[in-house]
Amino acid sequence: MGSLDVLVPLLCLMSTTALGKTTVDDGMHVKIKGTIGVITDNNSRNGKEEIVAVKMAMQDFYHSSNQSFDLQIRDSHGDPLQAALAARDLIDTQKVKAIIGPDTWKETTLVADICSQNMTPVLSLADATPNWSTLKWPYLVQISRNQFKQMKAVAAIVQSFEWYNVNIIYDDTDSSSTRMFSHLYRDLSVSGIHISNVLTIPPLSSSSLPQELEKLRNSYCRVFVVNLSVPLAINLFQTAKELKMMEKGYVWIVTDPLTSLVHSLNSSTISSMQGIVGVKSYFPEIGLHYKDFYSKFRKKFSSENPHELNNEPGIFAARAYDAVWTLSLSMIQIKNKKDQMLLDKILLNNFTGLSGKIHFTDQKLDPSDTFQIINVMGKDYKEIGFWTNGLGFSNIIGQNATFNFSMKELGQVLWPGRPWGTPRGWIPALDKPLRIGVPVLATLKQFITVIQDPTENTTTFRGFTIDLFRETMELLPYHLPYKFYPFNDTYDNLVKQVYLKNFDAVIDVTIISYRYQYAEFSQPYTDPGVVMVVPLKSKVDHRGWLFMKPFTKTMWLLILAMVIYNGFILWMLERRHSPEITGDKLHSNLSKMVMVVWLFVALIITQTYTANLASMLTTERFEPTIDNIDQLRNSNIRVGYSSGSFLKHYVEKVLQFHPENMRNYGELEEYAEAFRRKEIGAAFLEVPAAKIFLANYCKEFIQAGPLYKIGGFGFAFARGSPLVPDVNKALLDLVETGKVRELENKMLASEECEDTKVNGETESLSPNSFWVLFILTAGTSTFSLLVYVFRRRMRNRRLRFEISVPKATRAQRNCGGGVAGHVRVVDGCASGVAMGVSVASSRILCRLRGLDW
């Protein structure tokens, strides 16, 4: 059908100069190519628009192609039976080739059945056609676009303004309304939006409508989604205005068909709909073809319907116009009277009409992906922007469009009551404070303390949770009165009270999955999890050898090696001065340098050793009596848990402890006594309880094993409560500003005790801490040794030189008289001190010469 893509725009351009007449003969004989039937409700606004549009389409097609068709229009009065009779008349009497219409699904089912029996194609203008319809009626073609995606646009609007609860009002006139509701319900649920109330309005229920709306008015939800026919919608909004439900705080979102006919409503009706937001079928109102159609339609519509105040065309006119062109283009290609061939030609159409792209898939037009967002204000409505499936909201349509997932980006919206600020979407009952349930049997008195004074008939509520709840309520963007009520039963029964509507909310409860069937929870305000608490035991060491613990074995060996090494160096340096190594006086300067460095290093090592040993002697070391739950299970040791909580089920089913080995306790003090009496070997506590317990008994008990992620304390509200998002935001603010930590520290301040060193041995020190000192002393000793060796070798070389000199010369030089002040004579043998020869060397030298020293 590529030729149609060229043919149709050409014909449309040619038609822009045509006159608006139904029959054109120009004095010439015009051959009729066939008859087209139309069934519509002539008294409805959409029916009036369709009648004018199909007449204009017939004229435009004739002036564009010189092809003419006979047009037979029948009025169904909106009655399915009348529509069926009209279809029978058109087929049997008028011999129509195809039928356009009707608008409702009830009418369409009867007409489609008759047309399929007679193999006559019917182009339905009904919005919601089920998928199975073409299988049952093979000659049914849907020329209107499926509007189910419109419900996604509604969900996107609700989500944009963070409304989490809505009321739905729809009619149950036919199955198409039910299908629209099911799509709306699904799309809202996927977006996390709760449906508070559903109101179905039968066609003849005007008498009961005020009572039904009064029930909705008394509920907290103020967001309404309306999917009604135009007459029912008009009655609804007039009644709502009388009940003062079109004022500040209310939100009304409407869909087709009402939004596509807003332009046709009178001023009285529009005045009762001020501030509503609508999702409207979109079709491009641009181009020369549409401008010509728009101009001629207004003139023709005004002439045929003088009592209508508004003469602008809507989506219904555009669809009817395209339906005539679709049939006309198909019929001029038929050379014989085979109706099946006409159906095939219809389905092969592929062109751009007034309502958009005309292309059929499974005998239906492609569904709409783009919808217009409107806001009723004044005497008309304002076009706010567009919503496109998969892309979001935008101010314009086209390649330059910028999409956002929030409708807030489209600009200001006028809501009912004319406030520019976004309505909250719900209204708390200010005259009826929230009933807040507080557990009397709370395990943690630091979290909840309920003091009842029967004499004064008063009840006082204190504790961390009470303070946190009050801080949370203060951060809400509105004033919300509340009152605490004591509840003397288990936590599970406390949560059920919300489901039974005895309480509006309860506090200080653990967030558990099975409790979600009764209530909805805020985010946890404590660390979630369960931990195991066990007694401490002293870690016994071989204390007789404790003096060896400050240093590692390697360190001790290194110290011993350095002592031996430095002792050897000192002996080497001092032995020529005192061969017997006695006395406390060092003669050599090198020895003194070695000793100074070694004493410096030894002083540091000694001080470190003393400090480390003192720490080991004074610090008591502890360890848990039990390391893991496997040890508990294998030893059949009894464990404790909190009575009235979910822990019984968790310890038994998840941690797999036998019920006979489980004991429940109420208050934290009971756990401590049970441990001391050896009734239990371990206790499983939630993290907040464990913190308080260990703060009280940090010298006796310790947390052992892993953290089991579960729960956390939170506030419970009724399912779908609009308070939950605001409370969650307030709790986040309290966490981020440190207020929760401040309240927690305040609670634990009076419970703190000195921490106990658990498994925290004072480590033995290794050479890594002293390597610089050891290098210093070893280097000094080695350097001194090298200097000594070098000097000794120099003396030995000089000695060998003296021995090699002739005897007479040697005696003259070494055994003569003393040189003044420098040579000492002893029995005729001299020591040449001036020559640098030592006393010992001189003695040996004289003896070699045979002389006495």
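Sequence positions in the sequence shown follow mature numbering (1 follows the signal peptide of the UniProt record, and there is no 0) and run -20 to -1, 1 to 833.
Just so you know, even glycine gets a beta-carbon here, dropped at the ideal spot from N, CA and C.
- Could you pull out every unbroken alpha helix (DSSP H) segment of at least 4 residues lying fully inside the stretch 609 to 691, listed in chain order? 609 to 615, 648 to 656, 667 to 676
- Task: Assuming residue 108 contacts residue 156 (C-beta within less than 8 Å), just tell me the rounded distance between them.
- Result: The sequence position of residue 108 within the sequence shown is 128, counting from 1. The sequence position of residue 156 within the sequence shown is 176, counting from 1. Correct: roughly 4 Å between the Cβ atoms.
- Item | Bounding residues of the beta strand (DSSP E) (the contiguous stretch that carries residue 40) | Here residue 40 refers to the residue found at position 60 of the sequence shown. That residue, residue 40, is in no beta strand (DSSP E); its alpha helix (DSSP H) goes 25 to 45.
- Straight-line CA distance for residue 112 to residue 385? Locating residue 112 in the sequence shown gives position 132, counting from the first residue. Locating residue 385 in the sequence shown gives position 405, counting from the first residue. When rounded, the distance between both Cα atoms is 34 Å.
- Item | Three or more C-beta pairs below 8 Å linking the stretch 375 to 391 and the stretch 266 to 274 | no
- Of the residues 654, 627, 589, 664, the one placed nearest residue 612, counting alpha carbons only: Your numbering for residue 612 matches position 632 in the sequence shown. Checking every option, the nearest Cα to that of residue 612 belongs to 664.
- Query: What is the rounded straight-line gap between the Cα of residue 340 and the Cα of residue 330?
  - Reply: To locate residue 340, count along the sequence shown from 1; it is residue 360. To locate residue 330, count along the sequence shown from 1; it is residue 350. The alpha-carbon atoms of residue 340 and residue 330 are separated by roughly 8 Å.
- Task: Assign residue 333 to one of three DSSP states: helix, strand, or coil.
- Result: Here the question's residue 333 lines up with position 353 in the sequence shown. Strand at residue 333.
- Going by C-alpha distance, which of 62, 15, 39 is nearest residue 22? On the sequence shown, position 42 is the one that residue 22 refers to. Nearest option by C-alpha distance: 62.
- Item | Coil, strand or helix - residue 804 by DSSP | Mapped onto the sequence shown, residue 804 falls at position 824. Since pLDDT at residue 804 reaches only 42, below the 50 mark, its modelled position is unreliable, and the value read off the structure follows with that caveat. Residue 804 falls in the strand class under three-state DSSP.
- Task: Assess, as a yes-or-no matter, whether the stretch 289 to 303 is touched by the stretch 430 to 445 under the definition of 3 or more beta carbon pairs within less than 8 Å.
- Result: no
- Task: Give me the Cβ distance between residue 348 and residue 28, rounded to the nearest whole Å; I'm assuming they're in contact under 8 Å.
- Result: What you label residue 348 is simply residue 368 of the sequence shown in a count that begins at 1. What you label residue 28 is simply residue 48 of the sequence shown in a count that begins at 1. Not confirmed; about 23 Å, so no contact.
- Secondary structure at residue 435, three-state DSSP: helix, strand or coil? Position 455 of the sequence shown, counting from 1, holds the residue named residue 435. In the structure shown, residue 435 sits in coil (DSSP, three-state: anything other than H, G, I, E or B).
- Message: Here's the rule: buried if 16 or more other CB atoms are within 10 angstroms of the residue's CB, otherwise exposed. What is residue 257?
- Response: Translated into positions along the sequence shown, residue 257 becomes position 277. With 16 or more other Cβ atoms within 10 Å, it is buried.
- Could you pull the start and end residues of the alpha helix (DSSP H) that residue 220 belongs to? Indexing the sequence shown from 1 puts residue 220 at position 240. Run containing residue 220: 210 to 222, per the alpha helix (DSSP H) assignment.
- If you draw a straight line from the alpha carbon of residue 839 to that of residue 182, how long is it in whole angstroms? Outside the displayed range of the chain (-20 to 833) lies residue 839, so it cannot be described from this structure.
- Query: How would you label residue 160, buried or exposed, when you count the other beta carbons within 10 angstroms and need 16 or more for buried?
  - Reply: Walking along the sequence shown from the start, residue 160 turns up at place 180. The residue is buried, with at least 16 neighbouring Cβ atoms inside 10 Å.
- Query: Curious, which full-length beta strand (DSSP E) runs of at least 3 residues does the stretch 91 to 122 contain?
  - Reply: 102 to 104, 120 to 122
- Message: Suppose the cutoff is 8 Å on Cβ atoms and the five residues either side in sequence are ignored; what does the same chain contact list for residue 463 look like?
- Response: Here the question's residue 463 lines up with position 483 in the sequence shown. Hits under 8 Å: 413, 414, 415, 416.
- Decide if residue 574 is buried, meaning its Cβ has at least 16 other Cβ atoms within 10 Å, or exposed. Sequence index remark: in the sequence shown, residue 574 carries index 594 (1-based). With 16 or more Cβ atoms within 10 Å of its Cβ, residue 574 is classed as buried.
- Opening and closing residue of the alpha helix (DSSP H) in which residue 547 lies: Position 567 of the sequence shown, counting from 1, holds the residue named residue 547. That run of the alpha helix (DSSP H) goes 533 to 554.
- Message: Just to check my reading of the structure: residue 49 and residue 13 have Cβ atoms closer than 8 Å, yes? What is that Cβ distance to the nearest angstrom?
- Response: Taking the sequence shown and counting its residues from 1, the one referred to as residue 49 is at position 69. Taking the sequence shown and counting its residues from 1, the one referred to as residue 13 is at position 33. About 5 Å; that satisfies the 8 Å criterion.
- Query: Taking C-alpha atoms, which residue in 492, 766, 262 lies nearest to residue 666?
  - Reply: Counted from its first residue, the sequence shown places residue 666 at position 686. Residue 666 has its Cα closest to that of 492, out of 492, 766, 262.
- Message: Rounded to the nearest angstrom, what separates residue 120 and residue 298 at their Cα positions?
- Response: Along the sequence shown, read from residue 1 onward, the residue named residue 120 stands at position 140. Along the sequence shown, read from residue 1 onward, the residue named residue 298 stands at position 318. Rounded to the nearest angstrom, the two C-alpha atoms are 20 Å apart.
- Message: What residue range does the beta strand (DSSP E) around residue 174 cover?
- Response: By 1-based counting over the sequence shown, the position of residue 174 is 194. It spans 174 to 181 - the beta strand (DSSP E) in which residue 174 sits, taken as one unbroken run.
- Message: So, for residue 75: in the same chain, excluding its five sequence neighbours on each side, which residues have a beta-carbon less than 8 Å away from its beta-carbon?
- Response: On the sequence shown, residue 75 is found 95 positions in, with the first residue counted as 1. So the list reads 15, once near-sequence residues are dropped.
- For the stretch 698 to 710 and the stretch 452 to 471, state whether three or more C-beta atom pairs, one from each stretch, are separated by less than 8 Å. yes
- Task: Would you kindly work out how many angstroms separate the C-alpha atoms of residue 641 and residue 619, rounded to a whole number?
- Result: On the sequence shown, residue 641 is found 661 positions in, with the first residue counted as 1. On the sequence shown, residue 619 is found 639 positions in, with the first residue counted as 1. Roughly 6 Å between the two C-alpha positions.
- Message: Can you tell me whether residue 465 is helix, strand or coil according to DSSP?
- Response: On the sequence shown, position 485 is the one that residue 465 refers to. Note: residue 465 maps to strand in three-state DSSP.
- Query: Ordered along the chain, which non-local residues of its own chain (more than five positions away) have a Cβ less than 7 Å from that of residue 440?
  - Reply: Position 460 of the sequence shown, counted from the start, is the residue given in the question as residue 440. For residue 440, where only same-chain residues beyond five positions count, the Cβ hits under 7 Å are 431.
- Query: Which value, in whole angstroms, describes the spacing of the CA atoms of residue 633 and residue 639?
  - Reply: By one-based count along the sequence shown, residue 633 stands at place 653. By one-based count along the sequence shown, residue 639 stands at place 659. Rounded to the nearest angstrom, the two C-alpha atoms are 10 Å apart.
- Shortest alpha-carbon distance to residue 387 belongs to which of 366, 687, 406? Here residue 387 corresponds to residue number 407 of the sequence shown, with the count starting at 1. Of the listed residues, the one whose Cα sits closest to residue 387 is 366.
- The alpha helix (DSSP H) with residue 445 in it runs from where to where? By 1-based counting over the sequence shown, the position of residue 445 is 465. Its alpha helix (DSSP H) spans residues 444 to 455.
- Query: Roughly how many angstroms lie between the CA atoms of residue 354 and residue 265, to the nearest whole one?
  - Reply: The count along the sequence shown starts at 1 and reaches residue 354 at position 374. The count along the sequence shown starts at 1 and reaches residue 265 at position 285. Between residue 354 and residue 265, the C-alpha separation is close to 15 Å.
- Based on Cα-Cα distance, which residue from 580, 551, 577 lies nearest to residue 566? Within the sequence shown, residue 566 is the residue found at index 586, counting from 1. Measuring from the Cα of residue 566, the nearest candidate turns out to be 551.
- Message: For a test of the three-state rule: what should DSSP assign to residue 52, helix, strand or coil?
- Response: Indexing the sequence shown from 1 puts residue 52 at position 72. Reduced to three states, the DSSP call for residue 52 is strand.
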